[in-house]
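Enquirer:
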């Protein structure tokens, strides 16, 4: 785990912590900690206030991005191996998906990312070698994603090999689930324009049960997650002919 990942883990646990305390816990100078915090704040992963490091508002996608950041980074890095230079892919909104987009934008050449996530488009805006096609629609402020009927009208113009999505939960009867009806409907629309749909999620989501059914098991070709996934869940997904990759 890098020092920045350690900082995020500590801030996530404490919600608010003094910069001086972080310096002591990590055994580095206050100047070094401040530089680390500057980088993390510039990426929207936390913010600073009068000598403290704080988590973002819990409704903000940046807050979700900071949760289990080290695991999500490893998952995104592993999933990025599916994508080669010059590819056109689709990425739906989600914290792990944002980290995948970041990895591809800064470490691949001539990648085109089609997304309905305003957050992702902004998150990778400084990358020189990526082209972003942002799909318009009704803007959801908290998730910073475009949804609704306009997405359906536009998506018919595209077809890609890979769509990467996040999930909010899992149910052995209902499949992969989400928490927002309109967003789930939009994600299913995106899937109609892709040859395969790939889930990126940390293992904690398999212990949650989202409100809305999003994808059946026959609609997902691959899942990237971490080794915290329960053995019975792993076996269940494998029996459903889903390739599960753990980090």
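In the UniProt record's numbering, the protein residues as written are 1 to 247.
Each residue gets a CB set at the ideal place from its N, CA and C atoms; glycine is no exception.
Using a Cβ-Cβ cutoff of less than 6 angstroms, which residues in the same chain neighbour residue 248 once the five nearest sequence positions on both sides are dropped?
Expert: Missing from the structure shown is residue 248; the chain here goes from 1 to 247 and no further.
Enquirer: Under the three-state reduction of DSSP, which class applies to residue 141: helix, strand or coil?
Expert: Walking along the chain shown from the start, residue 141 turns up at place 141. Reduced to three states, the DSSP call for residue 141 is coil.
Enquirer: Taking 8 angstroms as the cut-off, does the region 164-172 touch the region 133-145 (at least 3 CB pairs, one atom from each stretch)?
Expert: no
Enquirer: Could you spell out where the beta strand (DSSP E) holding residue 163 opens and where it closes?
Expert: Working through the chain shown from its first residue, we reach residue 163 at position 163. Looking at the DSSP string, the run of the beta strand (DSSP E) that includes residue 163 is 160-165.
Enquirer: Output the boundary residues of the beta strand (DSSP E) element that contains residue 262.
Expert: The question about residue 262 has no answer, for the chain in this structure spans 1 to 247.
Enquirer: When DSSP labels each residue in this structure, what does residue 39 get in the three-state scheme?
Expert: The residue labelled residue 39 in the question sits at position 39 within the chain shown. Reduced to three states, the DSSP call for residue 39 is helix.
Enquirer: Got a sec? Which residues, its chain only, sit under 6 angstroms from residue 178 by beta carbon, not counting five neighbours each side?
Expert: On the chain shown, residue 178 is found 178 positions in, with the first residue counted as 1. Excluding the 5 residues flanking it on each side, residue 178 has same chain C-beta neighbours closer than 6 angstroms at 168, 184, 210, 212 and 214, in chain order.
Enquirer: Pick from 240, 224 and 238: whose alpha carbon is nearest that of residue 82?
Expert: Reading the chain shown from its first residue, position 82 is the one you call residue 82. Comparing Cα positions, the closest option is 224.
Enquirer: Among residues of its own chain, excluding the 5 on either side of residue 98, which ones have a beta-carbon nearer than 7 angstroms to its beta-carbon?
Expert: Along the chain shown, read from residue 1 onward, the residue named residue 98 stands at position 98. Same-chain partners within the cutoff: 65, 119, 120 and 123.
Enquirer: Under a three-way DSSP split, which group does residue 126 fall into?
Expert: In the chain shown, the residue the question calls residue 126 occupies position 126. Residue state, collapsed to three classes: coil.
Enquirer: Indicate the three-state DSSP secondary structure (helix, strand or coil) for residue 135 in the structure shown.
Expert: On the chain shown, residue 135 is found 135 positions in, with the first residue counted as 1. The answer is coil: DSSP assigns residue 135 none of H, G, I, E or B.
Enquirer: Could you check the C-alpha separation between residue 190 and residue 110 for me, to the nearest Å?
Expert: Looking up residue 190 in the chain shown gives position 190. Looking up residue 110 in the chain shown gives position 110. So the two alpha carbons sit approximately 22 angstroms from each other.
Enquirer: Less than 8 angstroms between the CB atoms is what I'm expecting for residue 176 and residue 199, so what's the real figure, rounded?
Expert: Within the chain shown, numbered from 1, the residue matching residue 176 stands at position 176. Within the chain shown, numbered from 1, the residue matching residue 199 stands at position 199. Rounded, the Cβ-Cβ distance is 6 angstroms, consistent with contact.
Enquirer: For the candidate residues 14, 27 and 67, whose alpha-carbon lies nearest to that of residue 52?
Expert: Residue mapping note: residue 52 aligns to position 52 of the chain shown, counting from 1. Residue 14 is the option with its Cα nearest to residue 52.
Enquirer: At which residue ranges does the region 47-123 contain complete alpha helix (DSSP H) runs of 4 or more residues, listed in the order of the chain?
Expert: Along the length of the region 47-123, whole alpha helix (DSSP H) runs at least 4 residues long occupy 61-66, 69-79, 95-107 and 118-123, reported in chain order.
Enquirer: Do residue 203 and residue 180 count as a contact pair if the criterion is CB distance below 8 angstroms?
Expert: As a working mapping, residue 180 is identified with position 180 in the chain shown. As a working mapping, residue 203 is identified with position 203 in the chain shown. Their beta carbons are not under 8 angstroms apart, which means residue 180 does not touch residue 203 by this criterion.
Enquirer: Mapping DSSP to helix, strand and coil, what is residue 14?
Expert: Taking the first residue of the chain shown as position 1, residue 14 is located at position 14. Residue 14 carries a helical assignment under DSSP once its states are collapsed to helix, strand and coil.
Enquirer: Please report the straight-line C-alpha distance between residue 113 and residue 102, rounded to a whole angstrom.
Expert: Translated into the one-based positions of the chain shown, residue 113 becomes position 113. Translated into the one-based positions of the chain shown, residue 102 becomes position 102. Straight-line Cα distance between these residues: approximately 11 angstroms.
Enquirer: Using only CA atoms, which one of 146, 220, 46 and 229 lies nearest to residue 242?
Expert: Walking along the chain shown from the start, residue 242 turns up at place 242. Checking every option, the nearest Cα to that of residue 242 belongs to 220.
Enquirer: Would you please state the rounded distance, in angstroms, between the beta carbons of residue 263 and residue 4? I believe it to be under 8 angstroms.
Expert: Any answer about residue 263 is impossible in this case: the structure gives the chain only from 1 up to 247.
Enquirer: Suppose you measure from the CA of residue 133 to the CA of residue 18; what does that come to, to the nearest Å?
Expert: Indexing the chain shown from 1 puts residue 133 at position 133. Indexing the chain shown from 1 puts residue 18 at position 18. Distance between the alpha carbons of residue 133 and residue 18 is about 40 angstroms.
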